[in-house]
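Each residue of the sequence shown is one higher than the one before, starting from 246 at the first, in this note's numbering.
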Amino acid sequence: MKYVVFGAGSCSVRIEYQSIQLGFKILCYIDNDESKWYKKRLGLEILPPQEVLEKNYDRILIASENHHEKMTEQLVAIGVERENILIFSHLKREDIQGGRYLNYRHDNFEAKTQTLDSWIETFELGDVISDDYSHVTMETKSHNAIISDLVKAYELAKKNAKDISAPYQIGQNWEQFLKNTRPEFYRSLKENKSNLAPLLANFFRNDLSTGIFGGKQGFDDYVKHPDMSAGFRSLFNIWAYSLGEAPIKELDSPKVGNPYGHLIEDSLVHPNNFLNHYRGRYISQLVGELARPVIAEIGAGYGGLAYYLKKFSQSCCYINFDLPENLLISSYYLSIIYPDLKTHYYTGEEDLRDLITEYDIVLLPHFCLPQLPDLSIDCFINTISLSEMSFETINEYLEQIQRTTNRYFYHENLINNGQAYTYYPIDCFPELKDFQLLARQPSRWPFFSAASHEHCHIEQLFLRKNASAI
246 MKYVVFGAGS CSVRIEYQSI QLGFKILCYI DNDESKWYKK RLGLEILPPQ
296 EVLEKNYDRI LIASENHHEK MTEQLVAIGV ERENILIFSH LKREDIQGGR
346 YLNYRHDNFE AKTQTLDSWI ETFELGDVIS DDYSHVTMET KSHNAIISDL
396 VKAYELAKKN AKDISAPYQI GQNWEQFLKN TRPEFYRSLK ENKSNLAPLL
446 ANFFRNDLST GIFGGKQGFD DYVKHPDMSA GFRSLFNIWA YSLGEAPIKE
496 LDSPKVGNPY GHLIEDSLVH PNNFLNHYRG RYISQLVGEL ARPVIAEIGA
546 GYGGLAYYLK KFSQSCCYIN FDLPENLLIS SYYLSIIYPD LKTHYYTGEE
596 DLRDLITEYD IVLLPHFCLP QLPDLSIDCF INTISLSEMS FETINEYLEQ
646 IQRTTNRYFY HENLINNGQA YTYYPIDCFP ELKDFQLLAR QPSRWPFFSA
696 ASHEHCHIEQ LFLRKNASAI
């Protein structure tokens with residue numbers, strides 16, 4: 246809705262703050278002080294009260310604690326309908342929750358939002374995957390071939406995982422979680438692998454994405470709360486202010502896995518997009534001076550950050566080390582999005598030195614990490630998972646990161662408030678003696694911030710001490 250604010254004094258500051266938090270649009274100001282007329286406040290005109298009749302507004306908000314009755318009668322006298330006049334100091338939050346705009350104050354950006362994208366399709370294999378795959382239309386045969394290759398790599402990884410050393414054994418947190426939340430996946434592998442096609446094609450909305458995106462419960466909750474505008478706008482503002490701009494089109498979700506979210510200027514945006522986009526931009530800028538940076542990630546989830554890394558750093562070699570169950574999801578996601586890139590799936594006969602030279606994307610089970618050559622990685626990444634591992638695994642992974650990383654190590658992990666599972670705060674992690682800490686700050690994202698009651702995370706960026714000499 247579009248509001249005119251009556252009163253351009255100190256009381257209007259609260260309204261301006263609420264317009265950002267709740268997403269309603271301020272069209273202009275009106276004021277009785279002639280010295281303010283036709284000047285601007287935050288880029289918006291201040292007009293004589295009678296000129297409000299020429300504006301296409303929905304409501305007038307009176308910004309005054311003491312004179313609102315007199316100001317109301319003044320507006321009625323010039324022809325404003327009384328029901329269209331609101332006294333801001335008397336309003337409850339829900340009275341203006343119906344706003345439909347995001348405001349990015351830095352450059353007066355505004356974009357429609359709040360519309361929940363509601364296409365919920367049952368995926369049926371036909372001549373093509375789906376008519377909604379605008380930039381990735383793939384024949385059924387090709388789609389099935391990709392899934393066949395991924396299942397082959399998965400089954401080999403599970404077979405070889407039986408003989409891996411203790412630090413690479415799947416942790417207690419994840420082992421039981423996967424068994425409890427992905428029964429349909431395991432049943433399909435055992436009884437009918439053809440069921441994997443519709444499962445993967447809709448993984449954002451089913452339990453293939455538990456623990457890495459939200460699973461079916463996350464989707465159902467999202468659909469039930471299309472009014473989650475305040476939290477969504479908060480994420481939007483954090484993202485935009487962190488970047489110093491608001492490139493909405495870059496946020497758009499690839500139409501793979503049947504994603505869902507809010508529409509902003511025709512771009513489908515889920516809250517996770519803000520985090521992954523920002524991190525992708527940030528990492529790409531760190532390694533931007535390199536002709537072909539090598540970026541490795543432990544635990545890529547569904548591949549959201551990897552998508553943006555390849556988008557912003559197209560020449561990079563990206564390597565993901567992950568549990569086989571999650572690796573299958575990210576491998577599917579990236580293979581469909583980037584069908585023309587040279588992508589390697591696990592064979593059990595890897596020579597990582599050659600793979601780094603020859604491939605754009607390398608997707609391997611977590612226990613292949615020791616096969617990385619020394620100082621072969623320009624930037625190593627981990628977000629939201631190291632703290633959840635056993636302490637033995639944390640030590641092993643950090644030793645490998647220290648051995649293989651020639652420049653940057655970026656991670657975001659728990660400092661406090663791990664709920665319902667065992668975790669280790671980052672301040673008990675072993676020291677990275679070959680690295681210097683460049684930056685440390687609480688996570689900027691509300692669910693992971695210092696104010697969160699669920700998870701408190703810290704972002705850290707390390708640089709190898711002798712990086713300039715490598």
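C-beta: ideal position from N, C-alpha, C; glycine also.
- Cα atoms of residue 270 and residue 520: separation of roughly 25 Å, rounded to the nearest angstrom.
- Exposure of residue 439 is indicated by the presence of fewer than 16 other C-beta atoms within 10 angstroms of its C-beta.
- Between residue 427 and the set 609, 691 and 574, the nearest pair of CA atoms involves 574.
- Take the alpha-carbon of residue 457 and the one of residue 466: they are about 16 Å apart.
- Assigned with DSSP and collapsed to three states, residue 622 falls in strand.
- In the structure shown, the three-state DSSP call for residue 247 is strand.
- Within the segment 296-339, the complete alpha helix (DSSP H) segments at least 4 residues long are 313-322, listed from N- to C-terminus.
- Counting the other CB atoms within 10 Å of its CB gives residue 570 a total of 16 or more, which places it among the buried residues.
- Under a 10 Å Cβ-count criterion, residue 645 is classified as buried, with 16 or more other Cβ atoms of the shown protein chains found around its own Cβ.
- Residue 550 and residue 692 have their C-alpha atoms roughly 18 Å apart.
- Counting along the chain, the unbroken alpha helix (DSSP H) around residue 436 starts and ends at 428-436.
- Residue 458 sits in coil when the DSSP states are folded into three classes, being neither helix nor strand.
- Cβ neighbours of residue 515 within its own chain (closer than 7 Å, five residues either side excluded): 498, 504, 505 and 506.
- Within the same chain, and ignoring the five residues on either side of residue 683 in sequence, the residues whose Cβ sits closer than 8 Å to its Cβ are 706, 707 and 708.
- If you look at residue 567, you'll find it isn't in any alpha helix (DSSP H); it sits in the beta strand (DSSP E) that goes 562-567.
- For the pair residue 659 and residue 701, the CB atoms are nearer than the 8 Å cut-off.
- Closest by C-alpha distance to residue 524, out of 513, 487, 537 and 610, is 487.
- In this structure, residue 572 keeps its C-beta atom at 8 Å or more from the C-beta atom of residue 563.
- Note on residue 254: under 16 other CB atoms within 10 angstroms of its CB, so exposed under the neighbour-count rule.
- In the structure shown, the three-state DSSP call for residue 668 is coil.
- Scanning the segment 536-591 for uninterrupted alpha helix (DSSP H) segments of 4 residues or longer gives 549-557 and 569-582, listed from N- to C-terminal end.
- In this structure, the straight-line span from the alpha carbon of residue 284 to that of residue 489 is close to 26 Å.
- For residue 503, no alpha helix (DSSP H) segment is defined, and its DSSP state is neither H nor E.
- Less than 8 Å divides the Cβ of residue 631 from the Cβ of residue 639.
- If you keep only unbroken beta strand (DSSP E) runs of at least 3 residues inside the segment 671-712, you get 680-687 and 701-709.
- Residue 522 sits in a helix when the DSSP states are folded into three classes.
- Of the other Cβ atoms in all chains shown, 16 or more fall within 10 Å of the Cβ of residue 388; this residue is therefore buried.
- At least 8 Å separates the beta-carbon of residue 579 from that of residue 604.
- Spanning the alpha carbons of residue 328 and residue 319 requires a straight line of approximately 14 Å.
- In this chain, the alpha helix (DSSP H) harbouring residue 648 covers 636-649.
- Runs of alpha helix (DSSP H) with 4 or more residues, each lying fully within the segment 384-428, are found at 385-405 and 417-426, listed in chain order.
- Exposure of residue 592 is indicated by the presence of fewer than 16 other C-beta atoms within 10 angstroms of its C-beta.
- Setting aside the 5 residues that flank it on each side, residue 689 is surrounded in the same chain by 483, each with a C-beta closer than 6 Å to its C-beta; the list follows chain order.
- For residue 509, the uninterrupted beta strand (DSSP E) segment begins and ends at 507-509.
- The continuous stretches of alpha helix (DSSP H) do not include residue 272, which lies in the beta strand (DSSP E) extending over residues 270-275.
- Of all alpha-carbon atoms in 334, 647 and 400, the one lying nearest the alpha-carbon of residue 541 is that of 647.
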